Amino acid sequence: MELDLSSIQGYEQEIASAKTSDELYQVKVKYLGKKGLISGLNKQLKDVPNEHKKDFGMKMGEVRKSFEAVFDAKEADLAKSEMDAKLVSEALDITMEGFPMDAGSQHPIMSVYYEIADIFSSMGFEVAVGPEVELEHYNFDMLNIPAEHPARDMQDTFYISDNVLLRTHTSPVQARVMESTTPPIKIIAPGKVYRCDYDITHTPMFHQVEGLLVDKNVTFADLKGTLTTFIQRMFGSNVPVRFRPSFFPFTEPSAEVDMGCTICGSVGCRVCKGTGWIEILGSGMCNDELYRHAGYEAGVYSGFAFGMGIERIAMLKYGIGDLRSFFENNLKFLRQF
Amino acid sequence: MKVSINWLNKFVDVSDLDPKDIAEKLTMCGLEVDAIEEKGSLNNVVVAKVMKCDKHPDADKLSLTEVFDGTETYQVVCGAPNVAEGQTVVFAKVGAVLPGDFKIKAAKIRGLESLGMICAEDEIGISDDHDGIMILDSSLELGTPIDEILGLPDTVLEIGITPNRADCLSIIGYAREIAALYDRPMKTNEYTINETDDAVTNYGGVEIKNKEACPTYLGRVIKDVTIKPSPLWMQNRLRAIGVRPISNVVDITNYVLFEYGQPLHTFDLKEIDGKIIVRNASEGEKLLTLDEKERTFDSSMLLITDEKKSLAVAGVMGGEHSGISDDTKDVFLECAYFEPKQTRMTARKLGMQTDASYRYERGIDPVNTKEMVEYASYLLQELCGGKVCKGVLGEYNEPEVKTVKVNAGWLNGYLGTDISIDQMDQILSGLNMNPIVTGTDITITAPSYRIDMSTRQDVAEEIARMYGYDNIPTTLPKIDADSMPMQPILQMRKDIAQKLKTLGFNEAINYSFMKADFLKLFDDEKKFVKLMNPISEDMDTMRTQVFPGLLSTIKYNLNNGFKQVRFFEFASNFVEVGEKLPEQRMKLSACTAGEFWPMSWGAPASSEPFFILKGVLENILSQYKVTATFVKSDKAFLHPGKSADVIINGENVGFIGELHPASADAAEIRESVTMFEIDMLTFKENAKFTYKYENFSKFPSVYKDISVVVAKTTPTEKMEECIKATSKLAEDVFLFDVYEGKGIEEGQVSRTFRVLFTASDRTLTDEETNSTLTDMIANLEKDFGAVLR
Ligand SMILES: [Zn+2]
Numbered sequence: 011m012e013l014d015l016s017s018i019q020g021y022e023q024e025i026a027s028a029k030t031s032d033e034l035y036q037v038k039v040k041y042l043g044k045k046g047l048i049s050g051l052n053k054q055l056k057d058v059p060n061e062h063k064k065d066f067g068m069k070m071g072e073v074r075k076s077f078e079a080v081f082d083a084k085e086a087d088l089a090k091s092e093m094d095a096k097l098v099s100e101a102l103d104i105t106m107e108g109f110p111m112d113a114g115s116q117h118p119i120m121s122v123y124y125e126i127a128d129i130f131s132s133m134g135f136e137v138a139v140g141p142e143v144e145l146e147h148y149n150f151d152m153l154n155i156p157a158e159h160p161a162r163d164m165q166d167t168f169y170i171s172d173n174v175l176l177r178t179h180t181s182p183v184q185a186r187v188m189e190s191t192t193p194p195i196k197i198i199a200p201g202k203v204y205r206c207d208y209d210i211t212h213t214p215m216f217h218q219v220e221g222l223l224v225d226k227n228v229t230f231a232d233l234k235g236t237l238t239t240f241i242q243r244m245f246g247s248n249v250p251v252r253f254r255p256s257f258f259p260f261t262e263p264s265a266e267v268d269m270g271c272t273i274c275g276s277v278g279c280r281v282c283k284g285t286g287w288i289e290i291l292g293s294g295m296c297n298d299e300l301y302r303h304a305g306y307e308a309g310v311y312s313g314f315a316f317g318m319g320i321e322r323i324a325m326l327k328y329g330i331g332d333l334r335s336f337f338e339n340n341l342k343f344l345r346q347f
Numbered sequence: 028m029k030v031s032i033n034w035l036n037k038f039v040d041v042s043d044l045d046p047k048d049i050a051e052k053l054t055m056c057g058l059e060v061d062a063i064e065e066k067g068s069l070n071n072v073v074v075a076k077v078m079k080c081d082k083h084p085d086a087d088k089l090s091l092t093e094v095f096d097g098t099e100t101y102q103v104v105c106g107a108p109n110v111a112e113g114q115t116v117v118f119a120k121v122g123a124v125l126p127g128d129f130k131i132k133a134a135k136i137r138g139l140e141s142l143g144m145i146c147a148e149d150e151i152g153i154s155d156d157h158d159g160i161m162i163l164d165s166s167l168e169l170g171t172p173i174d175e176i177l178g179l180p181d182t183v184l185e186i187g188i189t190p191n192r193a194d195c196l197s198i199i200g201y202a203r204e205i206a207a208l209y210d211r212p213m214k215t216n217e218y219t220i221n222e223t224d225d226a227v228t229n230y231g232g233v234e235i236k237n238k239e240a241c242p243t244y245l246g247r248v249i250k251d252v253t254i255k256p257s258p259l260w261m262q263n264r265l266r267a268i269g270v271r272p273i274s275n276v277v278d279i280t281n282y283v284l285f286e287y288g289q290p291l292h293t294f295d296l297k298e299i300d301g302k303i304i305v306r307n308a309s310e311g312e313k314l315l316t317l318d319e320k321e322r323t324f325d326s327s328m329l330l331i332t333d334e335k336k337s338l339a340v341a342g343v344m345g346g347e348h349s350g351i352s353d354d355t356k357d358v359f360l361e362c363a364y365f366e367p368k369q370t371r372m373t374a375r376k377l378g379m380q381t382d383a384s385y386r387y388e389r390g391i392d393p394v395n396t397k398e399m400v401e402y403a404s405y406l407l408q409e410l411c412g413g414k415v416c417k418g419v420l421g422e423y424n425e426p427e428v429k430t431v432k433v434n435a436g437w438l439n440g441y442l443g444t445d446i447s448i449d450q451m452d453q454i455l456s457g458l459n460m461n462p463i464v465t466g467t468d469i470t471i472t473a474p475s476y477r478i479d480m481s482t483r484q485d486v487a488e489e490i491a492r493m494y495g496y497d498n499i500p501t502t503l504p505k506i507d508a509d510s511m512p513m514q515p516i517l518q519m520r521k522d523i524a525q526k527l528k529t530l531g532f533n534e535a536i537n538y539s540f541m542k543a544d545f546l547k548l549f550d551d552e553k554k555f556v557k558l559m560n561p562i563s564e565d566m567d568t569m570r571t572q573v574f575p576g577l578l579s580t581i582k583y584n585l586n587n588g589f590k591q592v593r594f595f596e597f598a599s600n601f602v603e604v605g606e607k608l609p610e611q612r613m614k615l616s617a618c619t620a621g622e623f624w625p626m627s628w629g630a631p632a633s634s635e636p637f638f639i640l641k642g643v644l645e646n647i648l649s650q651y652k653v654t655a656t657f658v659k660s661d662k663a664f665l666h667p668g669k670s671a672d673v674i675i676n677g678e679n680v681g682f683i684g685e686l687h688p689a690s691a692d693a694a695e696i697r698e699s700v701t702m703f704e705i706d707m708l709t710f711k712e713n714a715k716f717t718y719k720y721e722n723f724s725k726f727p728s729v730y731k732d733i734s735v736v737v738a739k740t741t742p743t744e745k746m747e748e749c750i751k752a753t754s755k756l757a758e759d760v761f762l763f764d765v766y767e768g769k770g771i772e773e774g775q776v777s778r779t780f781r782v783l784f785t786a787s788d789r790t791l792t793d794e795e796t797n798s799t800l801t802d803m804i805a806n807l808e809k810d811f812g813a814v815l816r
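Heads up: the protein sequence lines correspond to chains A and B, in order.
Per this note's numbering, the first sequence starts with residue 11, numbered consecutively.
Per this note's numbering, the second sequence starts with residue 28, numbered consecutively.
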């Protein structure tokens, strides 16, 4: 006696044509439910002689397994296509703007300020600060610039009262440190400085970084090494650097420090006035008068000082043409940094 | 200063040198060449004569001329108003190329052929003068190339001089440097004076009353001079360095000034009454100077006078009446040394600067004065036909000779070099320092023109610059200092700036000074620090607070069309406190105006800017483990209901709040502005830069909410404190939702607090947290009359 499978002939067809998981489930109920067609095959069992019952039972199990295999495959298929359809329906217009997490900006002068401070800090210089409204004594007298010295011509000073002024450089910070400290001294003094000059290439306030290193046996060669290292860390290790004799009342010998023009690669352009060089730093060995003013024992110490304008470096670094744009605070300008 | 290479050749042979090489060497020894001007040959430009000059038949302003160059005659149409028959002129023939690449070609001008051009001074590049054609001395041979007349070609170097190098305010100064740099001999300046028997003492005398200010004053009398143009060679040299020739006597004084750096003055002898007296002015004394301005003096100023009146401001400028005029016959020549400080002070007080004062202020060669009175007299004799009277008037005082001793070992140690004593000796000899070597010591005696040599560092500088900075090694200091951490306040500033940047704020930098009238809106005028000499009224007072600067930044950007602006600034404030220096403290100010969120489909619904900024400030403070309390502020420039003073550890460190609409109006800002300003120094003192890890519960936390209705005036902060105080299990409480309106009575508000429950030793059960919530609600009811919603 054979198992009569005629009642379940259609399931493969029905599973294949199910279009949704709901329809598929209905097929499952129809065949595997308690009153389903596959379950209904059990009825044939009562007519089967005992010796065949085992065989018959195994066949029924196979039928169930075949159904389940076809069903599972279809179920996986449907789940995948339903997921695909859902993802398609969820698609975004990815060209819409992102959430407005507006980025702000850091002022380019401050970016350069920190960059300079970081380089010198890594070389062991401490950052020192001091008052912007300063006594004439620290701004001029202690720096070997007496009242009648022609060097005072180089500076046009804002005065608050007869002997109080807006510092014209950050050197008074160094004078204050020297007055209160015995060497070794290794500091930089960054900050705002003021001169009464206001035209296309001058603003009445600008930023400088000045530095001072004093110890025993400090040489001019050390000055060259320190400043070359700084410039090459700031502008790239291949930038040529040259030192040129100059004059400052508080240093001797003094040197202007030029670096190869970064705009034209040292071949000569408008920025470097055709020379291929750009003046970047003033520097020199501290004049003995500085030690005398600070009350140090004569002839014991040597050292060097240097100074640079932050705006100038920022202009070179970012290619900014107009000095005044630093202080207009136009968002179109600031947001670029 | 401008230096002509042709002029330099008078003192040192540089004819074989490339001017660019000279410029490079000068720059690298401390005399920075700013520009090199090539004055090229003017081929096909010659001396010619205007033989005939008629009106152009078809043009009123043009002349039709015939020009003869000694061999040929050319028809030339000329537009100059001063052209006339018989003139000797500069003639550019067809084929000449004038400065500015101006090519002379055969042309037809108003129908008539023109074969060349009669030149004005600007057209041949000797001055800017374009008033008319240049008229030459009629004795010049026709056809002579103009190069010979103008001393072309030439190269002119423009050199910037540092204040210490007074010796390089002259041609001879550069000649000496070049002689030293190239190791070439200097040429001597040969001349002879033929004194007459007429003694100079017949014409007056010199009395110096202030010898400190004027140690040397020499005078000579030169009679029977003829005032006329100076010879072309002198004119050319002066023109080359940008000095306009005037007449022979004036040109000679300029010539000696620029050639040797010795200022001279010439008086018309007939204007001097009696002897010359060098003395301080009497208070209120007056003189009309050469620039036709009346000057009034005080007793600190030095004058040149005669027995009756003042004649000149010593070392600065002569008087109008005693100067040389066209009818001058006899000249009194002054050649003096005035002290730098004295001259500087006089010139400064009078607001004058002249080529003479510029040199005296920096210090001229005090010895050469003796020589220069002779040289100038010689030139007056040769170029003006003058007769030099016998003898020199006045007084010469030899300056002190200074020697400086320097040790070669110290010098090498100072520069970081290994220069031999021989080489040092050689360098110093080349600079005429007369070195004497004893063992490892070198003693120098500087030449009189090097007034800047007085210390061993001065000697080190000379050695270094002549040895070449390039040849000095490059080393790093052997100093015991490791990488330095940045000062806490600067590190904070840097980190906070980064944070504010990330939060969408833009860093601004404003001038420290502003208009007093504007600052008055925010502070008492008694606190103001004012500039004595401001650039303008808009920048006459130092900021007592930082935010007024940001307000102008906001205004500027709103006016530029920005709809939402957020800025911050770190800066010092300046407050008058009755001490020597004003109080100056670093402040942080931040502000927002307009919509905080950008206009975008994704922006959140608008939020109260006060709370956004409060959140920003709390975020900044929390980074340094600082908590602030906010108490109602009474600052008049702030919105009374939307402002608070910020208190850290009992100290008032600043404020946060909305700008009062009236202040916004006064500041001409159309949007509402919210801002804070805090004192960075107090903040720093309370900041924690190091801290220890705190143990936290390993058991899960649970959030539960409480919604209650209270009067609107109930401070949220107090309610949160009350909730927290109810149970140790409440680890954190925050305001989760606020609602007023439908269903809530007028004057009441519904607040939902979210409480975070945590126990350190167990997982909390629902019963436990619910019963704690009940306690909390009871406490809120008791303390604030809160009603559970
Ligand atoms: Zn360049």
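Even for Gly, the Cβ is constructed at its ideal location relative to N, Cα and C.
This one's a predicted model, so the numbers in the text were calculated from it and none came from an experiment.
Alpha carbon of residue i to alpha carbon of residue j, nearest angstrom
i      : j      : result
A:G275 : B:K47  : 20 Å
A:G134 : B:P515 : 16 Å
B:Q369 : B:V673 : 58 Å
A:L300 : B:N33  : 43 Å
B:L167 : B:T115 : 8 Å
B:I391 : B:A50  : 24 Å
B:V41  : B:K66  : 16 Å
B:V233 : B:T332 : 10 Å
B:E239 : B:M372 : 14 Å
A:L51  : A:N60  : 17 Å
Cβ shell of residue i (< 7 Å), same chain only, five flanking positions each side left out
i      : result
B:S404 : I220, R247, I249, L360, V415
B:N281 : L265, V270
B:A226 : C416, K417, G418
A:Y311 : P193, V224, D225, K226, Y301
Outcome for residue i when other beta-carbon atoms lying within 10 angstroms are tallied against a minimum of 16
i      : result
B:R483 : buried
B:T444 : buried
A:M111 : exposed
B:E286 : buried
B:D158 : exposed
Per-residue contacts from residue i into chain B (C-beta, under 9 Å)
i      : result
A:A127 : M513, L517, K521
A:S293 : Within 9 Å Cβ-Cβ: nothing; A:S293 doesn't reach chain B, min ~11 Å.
A:N297 : T482, Q484
Contacts that residue i makes with chain B (C-beta to C-beta distance below 8 Å)
i      : result
A:A2   : In the structure as shown, chain A begins at 11 and stops at 347. Residue 2 of chain A is therefore absent and cannot be evaluated.
A:P182 : Within 8 Å Cβ-Cβ: nothing; A:P182 doesn't reach chain B, min ~11 Å.
Beta-carbon proximity list for residue i, same chain, < 8 Å, skipping 5 on both sides
i     : result
B:A62 : L184, E185
Contact set for residue i: own chain, Cβ-Cβ below 6 Å, skip 5 residues either direction
i      : result
B:I176 : L259
B:A207 : G457, L458
Partner residues on chain A for residue i, Cβ-Cβ distance less than 8 Å
i      : result
B:E534 : G114, S115, Q116, H117, M120, L344
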